[in-house]
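Peer 1: Protein chains in written order, with our numbering: chain A, 251 to 363; chain B, 141 to 254. C-beta: ideal position from N, C-alpha, C; glycine also. Here's a structure for you.
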Amino acid sequence: EAGVTQFPSHSVIEKGQTVTLRCDPISGHDNLYWYRRVMGKEIKFLLHFVKESKQDESGMPNNRFLAERTGGTYSTLKVQPAELEDSGVYFCASSQDSNYGYTFGSGTRLTVV
Amino acid sequence: AQSVTQPDIHITVSEGASLELRCNYSYGATPYLFWYVQSPGQGLQLLLKYFSGDTLVQGIKGFEAEFKRSQSSFNLRKPSVHWSDAAEYFCAVGARAAGNKLTFGGGTRVLVKP
Numbered sequence: 251e252a253g254v255t256q257f258p259s260h261s262v263i264e265k266g267q268t269v270t271l272r273c274d275p276i277s278g279h280d281n282l283y284w285y286r287r288v289m290g291k292e293i294k295f296l297l298h299f300v301k302e303s304k305q306d307e308s309g310m311p312n313n314r315f316l317a318e319r320t321g322g323t324y325s326t327l328k329v330q331p332a333e334l335e336d337s338g339v340y341f342c343a344s345s346q347d348s349n350y351g352y353t354f355g356s357g358t359r360l361t362v363v
Numbered sequence: 141a142q143s144v145t146q147p148d149i150h151i152t153v154s155e156g157a158s159l160e161l162r163c164n165y166s167y168g169a170t171p172y173l174f175w176y177v178q179s180p181g182q183g184l185q186l187l188l189k190y191f192s193g194d195t196l197v198q199g200i201k202g203f204e205a206e207f208k209r210s211q212s213s214f215n216l217r218k219p220s221v222h223w224s225d226a227a228e229y230f231c232a233v234g235a236r237a238a239g240n241k242l243t244f245g246g247g248t249r250v251l252v253k254p
């Protein structure tokens, strides 16, 4: 089966611009998670979708971040406007049920200059 | 709140030597524990996980980990490393009470010398 796909793999944008990251989960996986790792820090949870509903968005850093999962398939994470501290690697993961069978994507490396 | 500490940021090991990566966690109840590996250019791959039962867990790629409740530890081991084991390793803790989200340690980067 195809894995979790994220794109772009890399993105370099200027401060103040908008960037949209996309995650395609494994087909049939209802649970979709976003995590990120900023430079030198731990990987941190951002939010969790169950189908198209946000189950937990307690990790979203501020209102410049907007995640959507229309139709319960792919998800997008938009950062608007981007700030320097948003630089890092954004990971997406999906699972078929809530039993921690996470499969992670390769991540999107975001650099804000 | 859950927390995970990986005390070693970098470890260098010779090929063929044994490897042990330390992980200490903080959580009030019995946690779910995980080790992930990230090779260059790759995503996070699950090596092994512990939910309950036998405290010695076998994973992929010849790795194993031992859950020690008394020490709040979940150390990862491999008897003989291969050059392909050079990667960054992450310990993580989760719990159903926390909505199945994972709390990660800071990672340990492993370098393998020929």
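According to the neighbour-count rule (16 or more other Cβ atoms, all chains shown, within 10 Å of its Cβ), is A:Asn312 buried or exposed?
Peer 2: exposed
Peer 1: Let me confirm a value: B:Ile200 is counted as buried when at least 16 other C-beta atoms fall within 10 Å, else exposed. Which label applies?
Peer 2: Burial call: exposed.
Peer 1: Measure from the C-beta of A:Glu280 to each C-beta in chain B and report whether the shortest distance is under 8 angstroms.
Peer 2: Note that residue 280 of chain A is Asp in the sequence shown here, rather than Glu. No - not a single Cβ of chain B is within 8 angstroms of the one on A:Asp280.
Peer 1: Quick one: list the residues of chain B neighbouring A:Phe315, beta-carbon separation under 7 angstroms, in chain order.
Peer 2: Simply none; closest approach about 16 angstroms.
Peer 1: Would you give the residue range spanned by the beta strand (DSSP E) that A:Leu366 belongs to?
Peer 2: The structure shown has nothing for residue 366 of chain A, since chain A only spans 251 to 363.
Peer 1: Would DSSP call A:Arg287 helix, strand or coil?
Peer 2: In the structure shown, A:Arg287 falls within a strand segment according to DSSP collapsed to helix, strand and coil.
Peer 1: When you compare only the Cα positions, how much space is there between B:Gly234 and A:Val363?
Peer 2: A direct Cα-Cα distance of roughly 34 angstroms separates B:Gly234 from A:Val363.
Peer 1: Flag A:Ser356 as yes if its beta-carbon sits less than 8 angstroms from any beta-carbon of chain B, otherwise no.
Peer 2: yes
Peer 1: For a test of the three-state rule: what should DSSP assign to A:Glu335, helix, strand or coil?
Peer 2: helix
Peer 1: Under three-state DSSP, which class holds B:Ile149?
Peer 2: coil
Peer 1: Between A:Tyr324 and chain B, is any beta-carbon pair separated by less than 8 angstroms?
Peer 2: no
Peer 1: Would a check of beta-carbon distances place A:Ile276 closer than 8 angstroms to chain B?
Peer 2: no
Peer 1: Using a Cβ-Cβ cutoff of 9 angstroms, what residues of the stretch 190-207 of chain B are near chain D? List them in chain order.
Peer 2: The structure shown has no chain D; the protein chains it does contain are A and B.
Peer 1: Just the Cα atoms here: how many angstroms apart are A:His279 and B:Leu251?
Peer 2: 35 angstroms
Peer 1: Just to confirm my understanding: we take A:Thr255, look at its own chain, exclude 5 residues before and 5 after, and list those with CB closer than 7 angstroms. What are they?
Peer 2: Asp274 and Gly355
Peer 1: Nearest-angstrom Cα distance between A:Arg319 and A:Phe299?
Peer 2: 8 angstroms
Peer 1: A:Met289 and A:Gly338 - do their beta-carbons sit closer together than 8 angstroms?
Peer 2: yes
Peer 1: Counting only the same chain and skipping the five closest in sequence on each side, list residues whose C-beta sits under 8 angstroms from that of A:Tyr324.
Peer 2: Arg272, Cys273, Asp274 and Pro275
Peer 1: Kindly indicate which residue of A:Ile263, A:Thr270, A:Lys265 and A:Phe257 has the alpha-carbon position closest to the one of A:Leu316.
Peer 2: A:Thr270
Peer 1: Would you mind sorting A:Leu334 into buried or exposed? The rule is 16 or more other CB atoms within 10 Å of its CB.
Peer 2: exposed
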